[in-house]
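A.B. asks: From first to last, the protein sequence lines stand for chains A and B.
What the first sequence shows, in my numbering, is residues 1 to 414, in sequence order.
What the second sequence shows, in my numbering, is residues 1001 to 1414, in sequence order.
One structure, as structure tokens, below. Some questions next.
Number of protein chains: 2
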Amino acid sequence: MNAAEGDRVRVRGPDHDVEGVLMPSSSRDHLVVKLDGGYNVGIEREPSSVEVIDEGVYDVDGERSAASDVEFDDSLPTVSLISTGGTIASTVDYRTGAVTAQFDAEDVLRAVPDLAGRANFRGRVVANILSENMTPDVWADLAHAVYEEVGAGADGVVVMHGTDTMGFTASALAFALETPVPIVFTGSQRSADRPSSDNVMNAVCAVEAAKGEIAEVLVCMHENESDDVCALHRGTRVRKNHTSRRDAFETVGGEPLGTVDYGTEEIEVRGEYAERGERELALDPELETDVHLLKFTPGTDPSLLDHVEGSAGLVLEGTGLGHVHTDWIPRIADLVDAGTTVVMTSQCIEGRVCDRVYDTGRDLLEAGVIEGGDVLPGTAKVKLMWALAQDGSTEELFSTSIAGEVTDRSVPWT
Amino acid sequence: MNAAEGDRVRVRGPDHDVEGVLMPSSSRDHLVVKLDGGYNVGIEREPSSVEVIDEGVYDVDGERSAASDVEFDDSLPTVSLISTGGTIASTVDYRTGAVTAQFDAEDVLRAVPDLAGRANFRGRVVANILSENMTPDVWADLAHAVYEEVGAGADGVVVMHGTDTMGFTASALAFALETPVPIVFTGSQRSADRPSSDNVMNAVCAVEAAKGEIAEVLVCMHENESDDVCALHRGTRVRKNHTSRRDAFETVGGEPLGTVDYGTEEIEVRGEYAERGERELALDPELETDVHLLKFTPGTDPSLLDHVEGSAGLVLEGTGLGHVHTDWIPRIADLVDAGTTVVMTSQCIEGRVCDRVYDTGRDLLEAGVIEGGDVLPGTAKVKLMWALAQDGSTEELFSTSIAGEVTDRSVPWT
């Protein structure tokens, strides 16, 4: 075989005839070819004939080779691709079968040839971690990076991120940044080696959204199980509602802000949004990180609250309209008296908390608990981190929608 | 006005003409009349004419008067109504406007005249609490009460319960009891004084389900926002997914087992179920209550796990396929080594955990974490309490569906 990794090749055998880019393979028995759709396929080396169609289009060591260098095109918008890790930026370790994060933004561009020609791309790596390892420190680094990219003239930003905690990070950026351009999170529920991988379509739609008019922090992921449309969710209202489906992400309590058609590249807008250029770029990334989220479930002793004694903030995931066992209330009152800000949300996920209806709730309000409205519990944790770092009343900030995180202002039963 | 509380009356005025049962009212200005649909309406005393249609049909002190005594009817099945409290068994304190639990099962029967003639009813009060105050002790009392009622010949049982933690209690009974008859939980999302109250339809449909063929622990609540159909959810798969909607309850990851048509009383079955008489009555209510549920969110320090040191069991609500920050893993390994059984579930709510895909998950499996499949986190807590009180391997019990709590046996991405 005369083909080198990075060459565009045609591989033929008794049962196959595929064309794509030859990828690194540590297997003695199998070649790995990345198809134009972005999927990697493994092909037995024997018996296969490999024909080189185009030499060195892609350099597998991380730099694009001269042949593939893309000139800056004045007629195209500039999109910054910021990588934080996750499945969309990961590959499969063929020795172990495990998925590990190891690509930077440039690699993703190379892995998704379909992105070429859609924009002038700037690549940047902020982290290389699976999203369960995200921390408020990385949120702050990312907010700074996005701020710099937009300040340097990017017409839109795409953030590649693991899906597990994407909603938390998107919320953090929504509170930390005022943005005149779209900031679009995207990720992948299935790694690139799976036939059902969603990484190509999600990346392409995210770039299209970054060129679009919705200048908010968005999450762009499959809208349904087909490969035709991505939904654009507001970062503060989105939730990963399924462990594995490609359309796992949903806007809670409403419709997505819009959709991107993968075929036509058309963006259809469904809700009210901040328009491109409407806001001035501003950064306010300070977070009070001594904030906790605890979930109440039956049989949970109030001594769980000992863990958060003396801390700055606590978000409770209560039951129903925002309740906990009556035994918890004096303990919560003590926390509030000692200076901890306590916000109530609901583990129902959908709907608004309202602590004025039942005895338990009214006792909680008397104890000094702040009602979180219909803010999602995870978003509430991020918002409380942000609010406690602001001057002024946290209670007032929680009665206001800062970044679209509170939607339902009606009494819950009307 | 010659009418007494409990009389059936017709109240006419310039703008109204209503018929119903005169209820207690502490207001000097307003009468309260319970309409036949079960709704209470307030009517200005002046100018209204009150005509007594039927004297003392209902005795408001808690005993039905002689006029309303229902004879035992051999042709009807016997349904036990067990009250534990909650909105369905509550009334409004007209002085404060707050809703407090104060009715027992007999009162509910009186408050819902539409139940009469559907069965011979046995009333029983196990508790009188809002469901955020439910504890494993009350679950055990309730399991005993249901066991006794079925043993005494009840053809079905209806449990009136607050909605907040109904799914937890239903799960507890599903693990504790083998039942030859339906055990149907029902409740109310809106109290009886609201025009939109759901208590009458839910109670009627629950009684119809208790007379039916699905001999499982069920939750019977509005299927949609209309007043026409209740859904019958399997107790271990149901979740309150909205704080206030009447159709807040949903079967997660599948269809409800069936529906009850409020108008025709027809039960339509959608899934596989245990049939009436298929199982022998058996009770196994032992629970290990030293079991905790903790949710991982970004920024949560592993020191949260200090709280559960030395405890019998821990359910984790991880991210995505079942992940936590890498820093948590050695701490979890220590817990497992010290004898705590740790089960992983997902905060996604829908879908199955799978810790064999990513590094984090494989490290968790190596640390000794048990995968919870697609069991709901709340149900997992109850199941772990039950499993730890059984002889034999908890891991094996978690790889098996005991009461329909695990549904999805496929690899998550196929």
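C-beta: ideal position from N, C-alpha, C; glycine also.
Among B:1217, B:1118, B:1279, which has the Cα closest to the Cα of residue 1204 of chain B?
C.D. replies: B:1118
A.B. asks: Applying the criterion that 16 or more other CB atoms from any shown protein chain within 10 Å of the CB defines a buried residue, is residue 1072 of chain B buried or exposed?
C.D. replies: Burial call: exposed.
A.B. asks: Straight-line CA distance for residue 1210 of chain B to residue 1156 of chain B?
C.D. replies: 4 Å
A.B. asks: Confirm, please, whether the CB-CB distance from residue 83 of chain A to residue 154 of chain A is below 8 Å.
C.D. replies: no
A.B. asks: Which residues bound the alpha helix (DSSP H) around residue 1173 of chain B?
C.D. replies: 1166-1176
A.B. asks: For the ligand MN, is there a heavy atom less than 7 Å away from the beta-carbon of residue 53 of chain A?
C.D. replies: As presented, the structure is devoid of all ligands, the ligand MN included, so that no description of it is given.
A.B. asks: Taking residue 6 of chain A as the reference, give the member of A:128, A:267, A:113, A:288 with the closest Cα.
C.D. replies: A:113
A.B. asks: Flag this pair as yes or no: are the beta carbons of residue 1162 of chain B and residue 1130 of chain B separated by less than 8 Å?
C.D. replies: yes
A.B. asks: For the candidate residues A:53, A:238, A:187, whose alpha-carbon lies nearest to that of residue 404 of chain A?
C.D. replies: A:238
A.B. asks: Nearest chain A C-beta to residue 1331 of chain B closer than 8 Å, yes or no?
C.D. replies: no
A.B. asks: From the beta carbon of residue 66 of chain A, is the nearest beta carbon of chain B less than 8 Å away?
C.D. replies: Confidence at residue 66 of chain A is low in this model, with a pLDDT of 38, below 50, so its placement is unreliable and the value that follows should be read with caution. No, its Cβ sits nowhere closer than 8 Å to a Cβ of chain B.
A.B. asks: Can you tell me whether residue 285 of chain A is buried or exposed, with buried defined as 16 or more other CB within 10 angstroms of its CB?
C.D. replies: Within 10 angstroms of the beta-carbon of residue 285 of chain A lie 16 or more other beta-carbons, which makes it buried.
A.B. asks: By DSSP's criteria, residue 398 of chain A is part of a beta bridge. Which residues make up the other side?
C.D. replies: Per DSSP, none; premise fails for residue 398 of chain A.
A.B. asks: For residue 1286 of chain B, go through chain A and note every residue whose CB falls closer than 9 Å to its CB, in chain order.
C.D. replies: Within 9 Å Cβ-Cβ: nothing; residue 1286 of chain B doesn't reach chain A, min ~14 Å.
A.B. asks: Helix, strand or coil for residue 244 of chain A per DSSP?
C.D. replies: coil
A.B. asks: Taking a cut of 7 Å between CB atoms, which residues from the stretch 106-138 of chain A lie near chain B?
C.D. replies: 130, 132, 133, 134, 135, 136
A.B. asks: For residue 305 of chain A, name the three-state secondary structure that DSSP assigns.
C.D. replies: Helix at residue 305 of chain A.
A.B. asks: Would you mind stating whether residue 267 of chain A and residue 199 of chain A have Cβ atoms separated by less than 8 Å?
C.D. replies: no
A.B. asks: Taking only beta-carbon positions, decide if residue 1237 of chain B is within less than 8 Å of chain A.
C.D. replies: no
A.B. asks: Under three-state DSSP, which class holds residue 996 of chain B?
C.D. replies: Nothing can be reported for residue 996 of chain B: it is not among the residues displayed for chain B, which extend from 1001 to 1414.
A.B. asks: I want to verify the contact list: residues of chain B whose CB lies under 9 Å from the CB of residue 353 of chain A, in sequence order.
C.D. replies: 1243
A.B. asks: Measure the alpha-carbon distance for residue 101 of chain A versus residue 208 of chain A and round it to whole angstroms.
C.D. replies: Note that residue 101 of chain A has pLDDT 46, beneath the 50 cutoff, so the model's placement of it is unreliable and no number is given.
A.B. asks: Check each candidate in B:1020, B:1111, B:1041 and name the one with the smallest Cα separation from residue 1008 of chain B.
C.D. replies: The shortest Cα separation from residue 1008 of chain B among B:1020, B:1111, B:1041 belongs to B:1020.
A.B. asks: Quick check on DSSP: helix, strand or coil for residue 360 of chain A?
C.D. replies: helix
A.B. asks: Kindly indicate which three-state DSSP category residue 1002 of chain B falls into: helix, strand or coil?
C.D. replies: coil
A.B. asks: Under 8 Å, Cβ to Cβ, is there at least one residue of chain B near residue 168 of chain A?
C.D. replies: yes
A.B. asks: Below 6 Å CB to CB, which residues in the same chain sit around residue 465 of chain A once its five sequence neighbours on both sides are set aside?
C.D. replies: Lying outside 1 to 414, the shown extent of chain A, residue 465 of chain A is not represented and no answer is given.
A.B. asks: Is there at least one Cβ from chain A nearer than 8 Å to residue 1098 of chain B's Cβ?
C.D. replies: Summary for residue 1098 of chain B: the model assigns pLDDT 47, below 50, so the residue's position carries little reliability, and this model does not support an answer.
A.B. asks: Can you confirm whether residue 1298 of chain B, when its beta carbon is compared against all beta carbons of chain A, has any partner nearer than 8 Å?
C.D. replies: yes
A.B. asks: Does any CB atom of chain B fall closer than 8 Å to the CB of residue 95 of chain A?
C.D. replies: Reliability of the predicted coordinates at residue 95 of chain A is poor, the pLDDT of 41 falling under 50, and no value is obtained from them.
A.B. asks: Please name the residue, chosen from B:1158, B:1273, B:1197, that lies closest to residue 1034 of chain B on a Cα-to-Cα basis.
C.D. replies: B:1197
A.B. asks: Alpha carbons only, please: which of A:3, A:47, A:122 is nearest the one belonging to residue 16 of chain A?
C.D. replies: A:47
A.B. asks: How is residue 1295 of chain B classed by DSSP in three states: helix, strand or coil?
C.D. replies: strand
A.B. asks: Please report the Cβ distance between residue 423 of chain A and residue 1350 of chain B, rounded to the nearest whole angstrom; I am assuming they are in contact, meaning their Cβ atoms lie under 8 Å.
C.D. replies: This structure cannot speak to residue 423 of chain A, because chain A is shown only from 1 to 414.
A.B. asks: Assuming residue 220 of chain A contacts residue 185 of chain A under a Cβ cut-off of 8 Å, what Cβ separation, rounded to an integer in Å, is found between them?
C.D. replies: 7 Å
A.B. asks: Which value, in whole angstroms, describes the spacing of the CA atoms of residue 1225 of chain B and residue 389 of chain A?
C.D. replies: Residue 1225 of chain B and residue 389 of chain A: Cα-Cα distance of roughly 41 Å.
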